[in-house]
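1 is the number of the first residue of the sequence shown in the working numbering; add one for each residue after it.
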Amino acid sequence: MKKKEKAASLHIRRTAGDWIFDTAVVVFFCVFTFICVFPFYYLLINTISDNDLVTSGRVNFFPLVKDAAGQAVFGAHFSNYSALRNVQDLGSSVFVTVARTILGTALMVITSAWAGYLVTKQKMWKRSFWYRFLVVTMYFNAGLVPWYMNMLMMGLTDNFLAYIIPGMVAPYNIILVKTYIESIPSSLEESAVIDGASTVTVWRKIILPLSIPILATIAIFGAVGNWNSFQDSLLLMNNRPDLYTLQHRLYIYLNSSSNLGAMMSQGGTISEQAAQSMLNQRVIQYTVSMVSIIPILMVYPFMQRYFVKGIMLGAVKG
Numbered sequence: 001m002k003k004k005e006k007a008a009s010l011h012i013r014r015t016a017g018d019w020i021f022d023t024a025v026v027v028f029f030c031v032f033t034f035i036c037v038f039p040f041y042y043l044l045i046n047t048i049s050d051n052d053l054v055t056s057g058r059v060n061f062f063p064l065v066k067d068a069a070g071q072a073v074f075g076a077h078f079s080n081y082s083a084l085r086n087v088q089d090l091g092s093s094v095f096v097t098v099a100r101t102i103l104g105t106a107l108m109v110i111t112s113a114w115a116g117y118l119v120t121k122q123k124m125w126k127r128s129f130w131y132r133f134l135v136v137t138m139y140f141n142a143g144l145v146p147w148y149m150n151m152l153m154m155g156l157t158d159n160f161l162a163y164i165i166p167g168m169v170a171p172y173n174i175i176l177v178k179t180y181i182e183s184i185p186s187s188l189e190e191s192a193v194i195d196g197a198s199t200v201t202v203w204r205k206i207i208l209p210l211s212i213p214i215l216a217t218i219a220i221f222g223a224v225g226n227w228n229s230f231q232d233s234l235l236l237m238n239n240r241p242d243l244y245t246l247q248h249r250l251y252i253y254l255n256s257s258s259n260l261g262a263m264m265s266q267g268g269t270i271s272e273q274a275a276q277s278m279l280n281q282r283v284i285q286y287t288v289s290m291v292s293i294i295p296i297l298m299v300y301p302f303m304q305r306y307f308v309k310g311i312m313l314g315a316v317k318g
């Protein structure tokens, strides 16, 4: 009898207002999810639809191709992706972007992990000064022109290292790592020091394995930033087209088709070959955009479990 009374007391009666609220929340998040996902879906169906139908704006919700009679029917083709092999310099752009993403992210994670560990040590020389100096750089910068002059004086123009060196020190990521390391019990480090472990050994064998969640978190930040980076390639690689990133190459394709479109809208005449080029450029834009998005979409789900844990634990203390 007591068990039944206890179960009845734990049962919460839901009112009509509760059901309305829950329904409204579900509907809101369904709509929000659709708004977030649809741009990617729209991009995908335009890359696998007939190019003429894409240009005429007839592809909106489903991929369409032309049948033998020339009518638009539901279907898909992947010739646009295979045609990317013929796009000039696209392969080198992909290689540069992949290389800078892997190297830049790896070096940034190592640097952030080491610097974040050092600023937790009270015995570090001028620890407070260096940490405050690091934080100040998050809020103040010299501007675009001084930045370019600095890169020029260091010989980083038309140089692949311009993609790697400036991003190695990331103040925000260092702060996240520092805060996370401070949440690790100090007794682990103290016991290792008593056994004769050096600072580097403690960092490598104890701190790094325990800091995987926060390191995975900043790795996501670094990978997305390097993959989508555009401005450094645009400003620094003027004489080295072979070092253009994928996003920079996409920008060039966008400008090419935009210039042809502007000429037509102003009543200018263009050749049939130029018009076909504009068509191809538009399809290339969609396809390259999709190719540039796919790697990040594939990596993020595997890193999400580390991301949530790392960002929460890394934000507990300041």
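For every residue, glycine included, the Cβ atom is placed at its ideal position computed from N, Cα and C.
Since the model is a prediction, treat every value here as computed from it, not as a measurement.
Using C-beta distances below 8 Å, list every residue in its chain close to residue i, excluding the 5 sequence neighbours before and after it, in chain order.
| i | result |
| --- | --- |
| K205 | A192 and A197 |
| T319 | Nothing in the structure corresponds to residue 319, since the chain is present only between 1 and 318. |
| G17 | none |
| I207 | A113, Y117, I181, I184 and E189 |
| I252 | Y244 |
Am I right that residue i and residue j are in contact with their C-beta atoms under 8 Å? What's the rounded C-beta distance?
| i | j | result |
| --- | --- | --- |
| D403 | N239 | The structure shown has nothing for residue 403, since the chain only spans 1 to 318. |
| Y148 | L235 | 6 Å |
| I212 | F40 | Actually they are not in contact, since the Cβ atoms of I212 and F40 sit about 29 Å apart, beyond 8 Å. |
| V119 | Y131 | 5 Å |
Take residue i and list the residues in its own chain whose beta-carbon comes closer than 7 Å to its own, dropping the five residues that flank it on each side.
| i | result |
| --- | --- |
| I296 | V224 and W227 |
| M237 | D158, L243 and Y244 |
| G116 | I174, V177, K178 and I181 |
| F221 | N173 |
| F78 | I48 |
| G104 | Y163, I164, G167, G222 and N226 |
| V109 | L215, I218, A219 and G222 |
| R58 | L64 and A72 |
Alpha carbon to alpha carbon, how far is residue j from residue i? Give it in angstroms, no decimals.
| i | j | result |
| --- | --- | --- |
| V136 | G167 | 17 Å |
| L107 | I164 | 8 Å |
| Y42 | S56 | 15 Å |
| M278 | L250 | Only weak support is given to the placement of M278: the predicted model assigns it a pLDDT of 47, under 50, and the question is left unresolved by the model. |
| A68 | N51 | 16 Å |
| F38 | V283 | 18 Å |
| K66 | N46 | 14 Å |
| F28 | C36 | 12 Å |
| T201 | F133 | 27 Å |
| S187 | I194 | 10 Å |
| R127 | Y139 | 20 Å |
| N141 | L156 | 19 Å |
| Q285 | V31 | 27 Å |
| M153 | V98 | 27 Å |
| V25 | F129 | 48 Å |
| R14 | S82 | 56 Å |
| V291 | T23 | 37 Å |
With DSSP as the reference, please indicate the residues paired to residue i in a beta bridge.
| i | result |
| --- | --- |
| V73 | V65 |
Quick one, which of the options has its alpha-carbon nearest residue i's?
| i | options | result |
| --- | --- | --- |
| Y180 | M153, S187, L161 and T217 | T217 |
| M151 | D232, T23, I252 and Y286 | D232 |
| S289 | L90, N141 and L234 | L90 |
| Y172 | A113, S128, S92 and M124 | A113 |
| K123 | V27, V94 and T199 | T199 |
| P209 | G222, E189, T15 and W19 | E189 |
| Q247 | D22, R100, R127 and P146 | R100 |
| T287 | T15, F21, L44 and S187 | L44 |
| A170 | V59, G155 and T111 | T111 |
| F230 | V96, R13 and F140 | V96 |
| F160 | Y139, W125 and S93 | S93 |
| W203 | P241, F129, M153 and K121 | K121 |
Residues in its own chain within less than 6 Å of residue i by CB, not counting five upstream and five downstream?
| i | result |
| --- | --- |
| V299 | none |
| F62 | F74 |
| A76 | I48 and P63 |
| G267 | Confidence at G267 is low in this model, with a pLDDT of 48, below 50, so its placement is unreliable and the value that follows should be read with caution. Nothing meets the Cβ criterion. |
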